[in-house]
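K.L.:
The structure that follows is given in the form of C-alpha cells.
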Amino acid sequence: MQANLPRPPPSPDPAREWARGHPTAGGAVSGGEPAELPAEGELDTCLAELEAGRAFKGCLESLLLGLEEERAERLMMLLREARGSWLPLLRGRPGRTLFCGNALSGTVLALILTGHRPLLADRRADRLAFARHRAAALTGRRPDAVLSTRERLPFAEGSFDLVIAEGGSPGTSAGLPIPPTEARRVARGEVVMTADNRLGYKRSTGRRGHFTVPGPLHFASAALRPRSGERTLGAYRRALTGGGRGRPAAFALYPHSADFTHLVALDEPWPTLHIGPKERGNRWKTAACALGLFPLLTPSFALASAPRELESASRLARLLDALAELLGTPPLIAQELIATRGNTALIQTAARDDPRAHEGRLTIRIPLGPHLRPMVSEHHERLGAIRREFPAVPVPAPLFAGELEGLWLTCEQRLAGLTAPQVSGRHPLVARMLTDAADHLAQLVTRPASRLDAEGFEELLGWRFELVGRHVAVASTLARLERMRDELRERLVGLSFPRVLSHGDLRSKHVQVRPDGSVLGYLDWGTSRRDDLPGWDLLHLIAHEHKQEHGLRPAEAWERIRRLDRLRDHERAALADHARRLGVGVEVLEAGAEGYPVLLAAMAESHWDYSRPRWVHRQFDL
159 MQANLPRPPP SPDPAREWAR GHPTAGGAVS GGEPAELPAE GELDTCLAEL EAGRAFKGCL
219 ESLLLGLEEE RAERLMMLLR EARGSWLPLL RGRPGRTLFC GNALSGTVLA LILTGHRPLL
279 ADRRADRLAF ARHRAAALTG RRPDAVLSTR ERLPFAEGSF DLVIAEGGSP GTSAGLPIPP
339 TEARRVARGE VVMTADNRLG YKRSTGRRGH FTVPGPLHFA SAALRPRSGE RTLGAYRRAL
399 TGGGRGRPAA FALYPHSADF THLVALDEPW PTLHIGPKER GNRWKTAACA LGLFPLLTPS
459 FALASAPREL ESASRLARLL DALAELLGTP PLIAQELIAT RGNTALIQTA ARDDPRAHEG
519 RLTIRIPLGP HLRPMVSEHH ERLGAIRREF PAVPVPAPLF AGELEGLWLT CEQRLAGLTA
579 PQVSGRHPLV ARMLTDAADH LAQLVTRPAS RLDAEGFEEL LGWRFELVGR HVAVASTLAR
639 LERMRDELRE RLVGLSFPRV LSHGDLRSKH VQVRPDGSVL GYLDWGTSRR DDLPGWDLLH
699 LIAHEHKQEH GLRPAEAWER IRRLDRLRDH ERAALADHAR RLGVGVEVLE AGAEGYPVLL
759 AAMAESHWDY SRPRWVHRQF DL
C-alpha cells in the first residue's frame with residue numbers, strides 16, 4: 159500500500175471506546191496522536207528535494223538546520239534507532255508488522271534491520287513519505303504505508319504478526335496513536351505498546367539527557383488530570399488483556415520513553431537496572447527501589463501482549479541459548495539491556511544459575527542503525543588486533559561476530575569492576591586511572607618518531623579541518639577554524655613525534671576500573687584510528703573528567719585543558735609521564751589541546767549518519 163491511499167469509509171471509532179472514563183487533554187481524546195513533530199509544512203521542502211533526486215543525508219541536514227534548536231533536538235531524538243532496543247525481548251519470529259505512530263521514529267529502521275517487514279500507519283502523509291525515503295536510502299527497503307486517522311484501521315482481524323503502538327514523542331507525554339482494542343483486533347501475534355506512566359516521577363524536557371522532576375503539587379495534578387491520557391501500569395495492562403491473550407509482559411523504558419537508556423523487566427528479575435556507587439548515594443532512589451516502588455513510579459513503559467499459544471522464550475533468550483552452546487558457557491541471562499547513545503542494543507549477560515560468577519559474563523552488541531555495523535565490526539576487530547600487537551594494553555577478549563536468531567551481533571568478554579564515571583571527582587582514584595592510561599596509551603605506537611612536514615600535516619590534520627568545515631554552517635566558526643588550522647600548522651610542522659593507534663573517543667565511560675582506580679580495560683574501539691596524533695586520547699579523557707565532575711559544557715572543558723600548567727597536579731603528572739614515554743615534547747600535547755574541538759568534531763562527523771546542526775558552534779562557542 160502507498161502513502162496516498164484513499165481513506166477507508168467511516169466506521170465505528172474504537173478510540174471512543176478507549177476514551178470512555180479517560181481524561182481529555184486540551185480538547186483531544188486521550189490516546190490521541192503524538193504531538194506535531196515536525197510541524198505541518200516543515201517537511202515540504204525536504205520532500206520536494208528528495209523527489210528531485212537529492213541524497214537523503216543532505217536533505218535531512220538541511221531540514222535540521224532550518225529548525226529552531228529545540229525542535230531539531232526533539233526530531234533527532236525521535237529519529238534514534240535505539241528506540242527499538244526492546245525488539246529482541248519479543249517472543250514472536252519477525253514477520254508482517256504494523257507500526258502505528260509517528261512514522262519518523264527510529265523504531266522503523268530498527269524493525270527493518272532486525273528482520274521485520276513493517277507497514278507504517280500515520281495520520282500525516284508527509285511523515286509517511288519522509289519515512290519511506292529514509293528507509294529506502296539507509297536500508298534499501300521502502301516500507302508500505304497507509305494514511306490512518308482515528309477511525310477503524312483498514313485491515314482485517316489478525317492481519318499482522320506484530321502490531322506496535324508507539325505513544326508519545328520527545329518532549330511530550332502524548333498518548334497512544336491507536337486504541338488498544340484496535341491494536342488487538344488486527345494482530346494475530348504480539349501487540350506492543352509504549353506509553354508514559356500517569357504516576358511517573360520524571361519527564362523528558364525534549365533535550366537529550368535533560369529531565370524534569372515535578373514538585374508534589376505538579377505531580378498530584380498530573381496524576382489526577384494527565385495532560386495526554388497517560389494511565390498507570392495496571393490500566394495499560396487491562397487494555398491489552400483479553401481475546402486469548404495472557405498477562406502482558408511489562409518493561410520500564412528508563413529514564414523516559416523519549417530518551418531511554420535502560421530496559422528493565424517489571425515482572426522478572428532480568429534485565430535489571432544497574433545501580434552503581436554514585437546512584438546508591440541517592441537515598442530517595444535507593445529507598446524507593448527497596449520498597450518496590452519502581453514499577454509504580456517509573457516514567458514510561460513498554461508492554462507486550464502475546465497469544466497464549468506463542469512460544470514462551472523471547473528472541474533474546476533463544477539467542478543467548480545459541481550463544482552459550484557456541485561458546486561453551488553456562489546458560490545465560492540478559493542481566494542488563496542498554497539502549498546506547500550510539501544506537502546499539504548492548505546486552506550484559508551473566509550465568510543463569512549464579513549471576514555473580516565470572517563465567518558467563520559477556521557483552522553483546524546488536525547494531526540497530528544501518529550505518530553502525532561497520533563501526534561495531536571495527537570495534538570487534540580492533541580488540542583482537544590490540545591483544546595481538548599490544549598485549550600489555552588491557553582490552554576485552556573478542557569472542558564472536560556473526561548472526562544468531564537472525565540478528566547480526568558481536569560478543570566479547572565482559573570486564574569486572576566499575577565504569578570510570580563511578581569514581582569521578584574522587585581525585586586519588588582518578589589519579590591512579592590517569593597514571594595507568596598514560597602508560598597504556600604510550601604503548602600504542604604504530605610508526606616511529608619522524609619530523610612532520612607540510613604534507614604530513616595535511617595527512618594528519620588537514621582532512622579533519624576539511625570535514626568539519628563542510629558542516630559548521632556558521633561563517634564565524636568557519637573563519638575561526640581556518641585560523642586554527644594555520645596556527646596548528648605553524649606549531650606542529652617541524653616537530654618530531656611517533657604516530658599511535660588512537661581510541662578516538664576515550665571518555666571515562668569507556669574505561670573500566672577497579673575500586674582503587676587502576677584500569678581493568680578500555681572499551682568501545684569503533685572510532686579508533688591508526689597512525690594518529692599522540693596525546694589526544696589522554697587529553698580527551700582529562701577534559702571529560704572535568705566535564706563529568708563539574709557538569710561542564712564542552713567549551714568549558716576545552717578551556718581547562720588549553721593551558722596544561724593550570725591542570726591539577728595528578729593530571730599534569732600523567733601528561734608529563736605520557737610525553738616522556740612517547741619521547742615527545744610538551745608542545746605536541748599543547749597543540750593537541752588547542753585543536754581539541756576539531757579532533758573531537760572530526761571523529762564525530764566520521765561516524766555519524768548525519769551531521770548535527772551547528773554542532774561545533776554550539777558546543778565550543780566558536
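Counted the way this note's numbering counts, the sequence shown spans residues 159 to 780. Every residue, glycine too, gets a C-beta built ideally from N, C-alpha and C. Everything numeric in this text was worked out from a predicted model, so none of it was measured.
(1) Please look up how many angstroms separate the CB atoms of L696 and A732, rounded, as I've assumed it's under 8 angstroms.
(2) Less than 9 angstroms separating the beta-carbons of E348 and A462?
(3) Pull up the CB-CB distance for A600 and L740, whole angstroms please, since I reckon it's below 8 angstroms.
(4) Near A559, what residues of its chain come up, given a Cβ to Cβ distance below 6 angstroms and the 5 sequence neighbours on each side ignored?
(5) Would you kindly work out how many angstroms separate the C-alpha atoms of R127 and E219, rounded to a whole number?
(6) Quick one, which of T419, A378, E624 has its alpha-carbon nearest R643's?
(7) Take the Cβ of T203 as the centre, count every other Cβ of all protein chains shown within 10 Å, and call the residue buried at 16 or more, exposed below.
(8) Under 8 angstroms, with one C-beta from each stretch per pair, do the segment 639 to 655 and the segment 496 to 504 reach the 3-pair mark?
(9) Between R519, A410, G527, which lies nearest to A574 when the distance is taken from Cα to Cα?
(10) Tell me whether Y680 sits in a helix, a strand or coil according to DSSP, three-state version.
(11) Spatial neighbours of R687 within its chain, please: CB distance less than 7 angstroms, with the 5 preceding and 5 following residues excluded, ordered by chain position.
(12) Closer than 8 angstroms is the cut-off here; do at least three beta carbon pairs connect the segment 410 to 417 with the segment 444 to 461?
(13) When the Cα of G542 is compared with those of L495, P513, A555, I433, which residue comes out closest?
(14) So W566 is in the alpha helix (DSSP H); what residue range does that whole segment cover?
(15) Return the chain-ordered ranges of every beta strand (DSSP E) run that is complete within the segment 579 to 638 and spans a minimum of 3 residues.
(16) Identify whether E194 lies in helix, strand or coil by the three-state DSSP scheme.
(17) Just checking: is the beta-carbon of L382 within a distance shorter than 9 angstroms of some beta-carbon in chain B?
(18) To the nearest angstrom, how far is the alpha carbon of L602 from that of V677?
(19) Among N355, S362, V371, P312, which residue has its Cα nearest to the Cα of R343?
(20) At which residues does the beta strand (DSSP E) containing R396 begin and terminate?
(21) Could you tell me whether the Cβ atoms of V321 and A460 are closer together than 9 angstroms?
(22) Going straight from the alpha carbon of Y359 to that of F369, what length do you get?
(23) Identify which residue in H291, E231, P692 has its Cα closest to the Cα of L650.
(24) Quick check on H668: does DSSP put it in helix, strand or coil?
(25) Helix, strand or coil for E239 per DSSP?
(26) What does the alpha-carbon distance come out to for the pair S169 and R310?
(27) Looking at the strands, I want to know which residues DSSP matches up with G412.
(28) S666 and S582 look like a contact to me (Cβ under 8 angstroms); what is the Cβ gap, rounded to whole Å?
(29) With DSSP as the reference, label D690 as helix, strand or coil.
(30) In the segment 745 to 773, which residue ranges form an unbroken beta strand (DSSP E) of at least 3 residues, counting only runs that do not cross its ends?
(31) Run through DSSP, which three-state label would S331 get?
(32) Spatial neighbours of R300 within its chain, please: CB distance less than 7 angstroms, with the 5 preceding and 5 following residues excluded, ordered by chain position.
(33) Can you tell me which of Q493, L468, G620 puts its alpha carbon nearest to the alpha carbon of L478?
(34) From which residue to which residue does the alpha helix (DSSP H) around F214 run?
(35) Between A345 and R395, what straight-line distance do the alpha-carbon atoms span, to the nearest angstrom?
(36) Work out the CA separation of R730 and R724 for me, nearest whole Å.
P.N.:
Looking at the coordinates:
(1) In this structure L696 touches A732 by the C-beta definition: roughly 7 angstroms separates them, less than 8 angstroms.
(2) By the CB criterion at 9 angstroms, E348 and A462 fall inside the cutoff.
(3) For A600 against L740, the beta-carbon gap comes to about 5 angstroms, under 8 angstroms, which counts as contact.
(4) Excluding positions up to five away in sequence, the list reads H538, T568.
(5) As shown, the chain starts at 159 and ends at 780. That puts residue 127 outside it, with no answer to give.
(6) Considering only alpha carbons, the answer is E624.
(7) By the Cβ neighbour-count rule, T203 is exposed, with fewer than 16 other Cβ atoms within 10 Å of its own.
(8) The segment 639 to 655, when compared against the segment 496 to 504, does not touch it at the 8 angstroms Cβ threshold.
(9) Selected option, being the one with the closest Cα: R519.
(10) Y680: strand per DSSP, three-state reduction.
(11) Here R687 has S660, G662 as same chain residues with Cβ atoms under 7 angstroms from its own Cβ, once five neighbours each way along the sequence are excluded.
(12) Segments in contact, yes.
(13) Nearest to G542 by C-alpha distance, out of L495, P513, A555, I433, is A555.
(14) Here W566 belongs to no alpha helix (DSSP H); instead the beta strand (DSSP E) covers 565 to 571.
(15) Whole beta strand (DSSP E) segments, 3+ residues: 603 to 609.
(16) Here E194 sits in coil by DSSP.
(17) In summary, chain B is missing from the structure at hand, where a single protein chain is found.
(18) The straight-line gap from Cα to Cα measures roughly 16 angstroms.
(19) Per the Cα distances, P312.
(20) No beta strand (DSSP E) contains R396, which is instead part of the alpha helix (DSSP H) from 391 to 398.
(21) Contact: no.
(22) Going by the C-alpha atoms only, they are around 10 angstroms apart.
(23) Closest option to L650, judged by alpha-carbon separation, among H291, E231, P692: P692.
(24) Secondary structure of H668 (DSSP, three-state): helix.
(25) E239 falls in the helix class under three-state DSSP.
(26) Per-residue confidence for S169 stands at a pLDDT of 35, beneath the threshold of 50, marking its modelled position as unreliable; no derived number is given.
(27) Checking the sequence, you will find Tyr at residue 412 rather than Gly. In the DSSP output, where bridge partners are listed per residue, Y412 has H420.
(28) Going by Cβ atoms, the distance from S666 to S582 rounds to 6 angstroms, so yes, they are a contact pair.
(29) If DSSP states are grouped into helix, strand and coil, D690 belongs with the strands.
(30) The segment 745 to 773 contains no complete beta strand (DSSP E) run of 3 or more residues.
(31) Legend: pLDDT at S331 = 40, less than 50; position of this residue unreliable, no value from coordinates given.
(32) If we look at R300 and ignore the five residues flanking it on each side, its Cβ neighbours are R290, A293, A294.
(33) It is Q493.
(34) Segment 214 to 223, the alpha helix (DSSP H) holding F214.
(35) For A345 and R395, the distance between alpha carbons rounds to 16 angstroms.
(36) Looking at the two C-alpha atoms, the distance is approximately 8 angstroms.
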